[in-house]
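Just below is one structure, and these are the notes that go with it.
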Amino acid sequence: MASLREPFISRRGPSPVARLICPSFIILSRNIPMTQPARTRFAPSPTGYLHIGGARTALFAWLYARHTGGQFILRIEDTDRKRYVLDALDKIIAGLRWLGLDWDEGPDVGGPHAPYIQSQRLPKYQEAADWLVAHGHAYRCYCTPEELAEMRAEQQARKQKVGYDRRCRWLTQEERAAKEAEGRSWVVRLAAPLEGEVAFEDEIRGRVTFDVRELQDAVLLKADGYPTYHLAVVVDDHDMAITHVIRGEEWISSAPLHVLLYQFFGWDLPAFAHTPSILKPSGKGKLSKRDLKTPEGGNVPIMLHEYPDYGYLPEALFNFLSGIGWSLDDRTEIYDRETAIKHFDLKAINPAPARFPVEKLDWMNGVYIRQLDVEEFRRRLLPYLSRDLGVPEAELAQDRRLNPLLPHVQERIKRLTEAAQWVDYLYVDEVDLGDPQSLVPRKTTPEEALVILDAIIETLERVDGWDEETLESTLRALAEARGWKAGQVFAPIRQALTGKKVTPPLFPILVALGKDASLTRLRRALNQLRAHLEQA
RNA sequence: GCCCCCAUCGUCUAGAGGACUAGGAUGUCAGCCUUUCAAGCUGAAGACAGGGGUUCGAAUCCCCUUGGGGGCGCCA
108 MASLREPFIS RRGPSPVARL ICPSFIILSR NIPMTQPART RFAPSPTGYL HIGGARTALF
168 AWLYARHTGG QFILRIEDTD RKRYVLDALD KIIAGLRWLG LDWDEGPDVG GPHAPYIQSQ
228 RLPKYQEAAD WLVAHGHAYR CYCTPEELAE MRAEQQARKQ KVGYDRRCRW LTQEERAAKE
288 AEGRSWVVRL AAPLEGEVAF EDEIRGRVTF DVRELQDAVL LKADGYPTYH LAVVVDDHDM
348 AITHVIRGEE WISSAPLHVL LYQFFGWDLP AFAHTPSILK PSGKGKLSKR DLKTPEGGNV
408 PIMLHEYPDY GYLPEALFNF LSGIGWSLDD RTEIYDRETA IKHFDLKAIN PAPARFPVEK
468 LDWMNGVYIR QLDVEEFRRR LLPYLSRDLG VPEAELAQDR RLNPLLPHVQ ERIKRLTEAA
528 QWVDYLYVDE VDLGDPQSLV PRKTTPEEAL VILDAIIETL ERVDGWDEET LESTLRALAE
588 ARGWKAGQVF APIRQALTGK KVTPPLFPIL VALGKDASLT RLRRALNQLR AHLEQA
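Counting along the first sequence from 1, when you hit position 111 you're at 218 in my numbering, and nothing is skipped either side.
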């Protein structure tokens with residue numbers, strides 16, 4: 108039996124973060140020096156996609172590893188075979204990479220503690236479970252799911268506490284032999300102490316204490332031979348020499364279970380940090396992977412892998428996410444990865460749950476878009492433009508008409524998906540002018556508009572040089588000469604060229620369209636307005 | 001129901017007993033700029049959940065209440 112323990116002995120000797128915690132009394136050795144490189148991990152389960160709250164937990168774990176110069180590990184917790192979602196893993200990994208998180212060890216990159224997929228580590232958990240049973244820290248439970256359901260129903264009916272009543276814990280050797288002779292299948296349950304306290308020191312919240320009487324004899328090994336989360340996480344975190352267990356606050360309740368397991372195995376305790384959850388924008392409940400699409404009250408997606416599609420920049424999302432529950436200082440909102448790494452600290456995380464501040468994300472994404480140099484903006488934008496305009500990307504890449512417009516589009520959008528609406532008029536043969544009345548500027552009669560349009564066309568036909576400066580000075584001169592306000596001249600042009608009343612600045616549009624196309628559109632508008640007037 | 005966690009502008013946050021007339025950001029509103037819309041600039045409104053303590057002094061420490069969140073599975 109001794110040999111079974113062997114694989115679980117720390118490879119690194121006594122950990123500097125050691126905490127010895129026993130029921131009823133607590134001995135703590137505190138204060139991990141910042142200089143200690145941390146090994147953190149993110150351990151998603153492919154039972155669903157990764158939601159944005161989970162992504163932030165991953166982000167914090169990554170930041171801490173990088174801050175301390177340690178390692179970040181990706182581990183897949185796929186011990187639930189019933190709820191496995193086929194494409195979840197791919198989407199999770201793609202999402203994390205897109206966000207800019209990289210791992211030093213993981214299922215796809217390997218590492219000294221491979222495999223990093225729990226379903227491939229089954230013997231380790233089984234050995235661990237056997238060891239616990241052999242040492243009296245766990246026992247086999249032969250109850251069937253039906254029996255347990257019945258038990259729970261009775262407890263509820265009698266308004267008793269609901270939970271496993273430990274009936275199999277007290278079975279005699281003979282009774283056990285009989286159950287096994289029946290061919291009953293069994294699970295392994297933790298034999299939790301009957302009284303005392305378990306406590307651990309949370310990096311974010313300080314000491315958290317539980318009365319062991321609140322604990323259940325939790326299942327560690329399922330009837331199918333797979334471990335539950337509780338066993339697997341402890342065995343793997345120890346085996347992989349994780350120094351800081353960083354996970355969502357929904358795990359606080361089961362943390363004492365894990366502390367007990369460390370203690371039973373005789374392993375050094377890692378540091379724990381339970382990150383606050385991110386609540387739905389409404390504030391009602393935490394974000395969940397069952398929420399799928401966009402949260403109520405917002406048009407922002409919940410699942411990480413959908414963010415690219417919605418036109419968000421990874422560096423913007425990174426910055427944004429890091430700012431929920433943590434802040435760089437008392438005034439800096441925009442900062443890059445390196446700066447975040449430099450300043451990050453688990454202890455500075457605000458333990459209070461936070462709503463998902465939808466509005467702030469769009470603002471920040473806009474800031475990042477504007478920060479891009481135009482070439483980079485163009486490169487990132489093209490796939491979106493292609494998709495939203497229905498124009499092949501190769502064609503767009505050749506299209507030089509886009510160039511004069513790009514800086515103006517960049518200044519106007521918060522998400523890359525909004526770009527198409529600012530340039531779509533370039534990709535139609537004839538613009539839909541709608542009501543000819545829209546060609547008539549404010550405080551202008553239709554007759555006067557006709558005159559203006561006519562004058563514009565005549566002027567532009569004769570203009571020498573088709574660049575922004577020339578066009579602007581020419582048209583302004585026209586307005587001045589005829590006693591029109593600049594807006595009276597610009598508005599009909601905008602409408603004629605784009606069919607819209609809100610567009611990027613006019614002169615870049617004229618340049619983008621070119622002289623011929625511009626004049627064609629202007630003449631067509633003139634004709635429509637004339638026809639409209641004659642009809643009236 | 002029981003246990004655990006949490007509580008600063010609408011929202012995200014700074015604040016670890018005196019530097020607080022509570023700072024920043026977002027959102028909102030107003031003004032400037034202006035060819036539309038943006039961007040930018042300027043300004044305004046806007047918070048320490050309530051009640052008890054401790055202290056010369058509390059947003060900061062303690063207790064209670066209230067409110068919110070999480071957990072109580074052979075799910076993670």
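No residue lacks a Cβ here, since even glycine has one placed at the ideal position from N, Cα and C.
I need the boundaries of the alpha helix (DSSP H) containing residue i, first residue and last residue.
{"i": "Ala165", "result": "Ile159 to Thr175"}
{"i": "Thr566", "result": "Pro553 to Arg569"}
{"i": "Phe425", "result": "Pro421 to Ser429"}
{"i": "Trp238", "result": "Leu229 to Ala241"}
{"i": "Gly202", "result": "Ala195 to Leu206"}
{"i": "Ala501", "result": "Glu500 to Gln505"}
{"i": "Glu587", "result": "Glu575 to Arg589"}
{"i": "Phe451", "result": "Counting along the chain, Phe451 falls outside any alpha helix (DSSP H), and DSSP gives it neither H nor E."}
{"i": "Ser625", "result": "Leu613 to Gln642"}
{"i": "Trp529", "result": "Ala527 to Val530"}
{"i": "Val269", "result": "First-last for Val269: undefined, no H or E at that position."}
{"i": "Gln544", "result": "Where Gln544 is concerned, there is no enclosing alpha helix (DSSP H), given that its DSSP letter is neither H nor E."}
{"i": "Thr605", "result": "Ala593 to Thr605"}
{"i": "Glu281", "result": "Gln280 to Ala288"}
{"i": "Val538", "result": "Val538 -> no alpha helix (DSSP H), and no H or E assigned at all."}
{"i": "Val366", "result": "Ala362 to Phe372"}
Based on DSSP bridge pairs, tell me the residues matched to residue i.
{"i": "Lys393", "result": "Leu386"}
{"i": "Gln178", "result": "Arg146"}
{"i": "Ile353", "result": "Ala380"}
{"i": "Tyr246", "result": "Arg296"}
{"i": "Leu328", "result": "Val295 and Pro334"}
{"i": "Arg314", "result": "Glu308"}
{"i": "Ile224", "result": "Ile183"}
{"i": "Arg462", "result": "Leu386"}
{"i": "Gly217", "result": "Gly213"}
{"i": "Met410", "result": "His158"}
Checking 8 Å against the spacing of the C-beta atoms, do residue i and residue j come in under that value?
{"i": "Arg522", "j": "Asn472", "result": "yes"}
{"i": "Glu304", "j": "Asp318", "result": "yes"}
{"i": "Leu364", "j": "Leu322", "result": "yes"}
{"i": "Ile353", "j": "Thr186", "result": "no"}
{"i": "Gly432", "j": "Pro383", "result": "yes"}
{"i": "Ile359", "j": "His337", "result": "no"}
{"i": "Tyr171", "j": "Phe451", "result": "yes"}
{"i": "Arg486", "j": "Gln517", "result": "no"}
{"i": "Thr147", "j": "His351", "result": "yes"}
{"i": "Ala339", "j": "Arg296", "result": "no"}
{"i": "Arg444", "j": "Asp343", "result": "no"}
{"i": "Leu488", "j": "Val407", "result": "no"}
{"i": "Trp293", "j": "Ala264", "result": "no"}
{"i": "Ile600", "j": "Leu640", "result": "no"}
{"i": "Gly202", "j": "His412", "result": "yes"}
{"i": "Arg233", "j": "Leu328", "result": "Note on identity: in this sequence residue 233 is Gln, with Arg being the wrong assignment. Yes. Within cutoff."}
{"i": "Glu500", "j": "Gly418", "result": "no"}
{"i": "Thr175", "j": "Pro151", "result": "no"}
{"i": "Leu540", "j": "Gln602", "result": "yes"}
Contact check, residue i vs residue j under 8 Å by CB: the rounded distance?
{"i": "Leu428", "j": "Ala447", "result": "Not confirmed; about 10 Å, so no contact."}
{"i": "Tyr246", "j": "Arg276", "result": "5 Å"}
{"i": "Leu578", "j": "Phe614", "result": "5 Å"}
{"i": "Asp346", "j": "His220", "result": "6 Å"}
{"i": "Phe167", "j": "Ile349", "result": "With a Cβ gap of about 14 Å, Phe167 and Ile349 do not count as contacting."}
{"i": "Ile441", "j": "Val474", "result": "6 Å"}
Using only CA atoms, which one of the options lies nearest to residue i?
{"i": "Gly218", "options": "His244, Asp194, Phe179 and Leu239", "result": "Phe179"}
{"i": "Phe463", "options": "Pro151, Ala162 and Asn510", "result": "Ala162"}
{"i": "Ile563", "options": "Thr316, Lys268, Ser625 and His515", "result": "Ser625"}
{"i": "Thr551", "options": "Trp591, Ile224 and Val538", "result": "Trp591"}
{"i": "Arg320", "options": "Gly270, Thr279, Asp375 and Met347", "result": "Gly270"}
{"i": "Glu302", "options": "Ala288, Leu367 and Trp470", "result": "Leu367"}
{"i": "Val558", "options": "Asn510, Arg312, Leu585 and Asp480", "result": "Leu585"}
{"i": "Leu512", "options": "Ile616, Ala284, Leu503 and Tyr156", "result": "Ile616"}
{"i": "Ala598", "options": "Ser545, Leu633, Glu555 and Arg291", "result": "Ser545"}
{"i": "Asp531", "options": "Arg549, Ile409 and Pro611", "result": "Pro611"}
{"i": "Glu422", "options": "Ala299, Leu206, Ala260 and Val498", "result": "Leu206"}
{"i": "Tyr491", "options": "Leu420, Glu537, Ser580 and Tyr333", "result": "Leu420"}
{"i": "Ser493", "options": "Ala527, Ala632 and Asn510", "result": "Ala527"}
{"i": "Glu502", "options": "Tyr534, Asp480 and Trp529", "result": "Tyr534"}
{"i": "Leu479", "options": "His515, Asp495 and Val192", "result": "His515"}
{"i": "Val192", "options": "Lys396, Gln642 and Thr439", "result": "Lys396"}
For the beta strand (DSSP E) that contains residue i, what are its first and last residues?
{"i": "Glu304", "result": "Glu304 to Asp309"}
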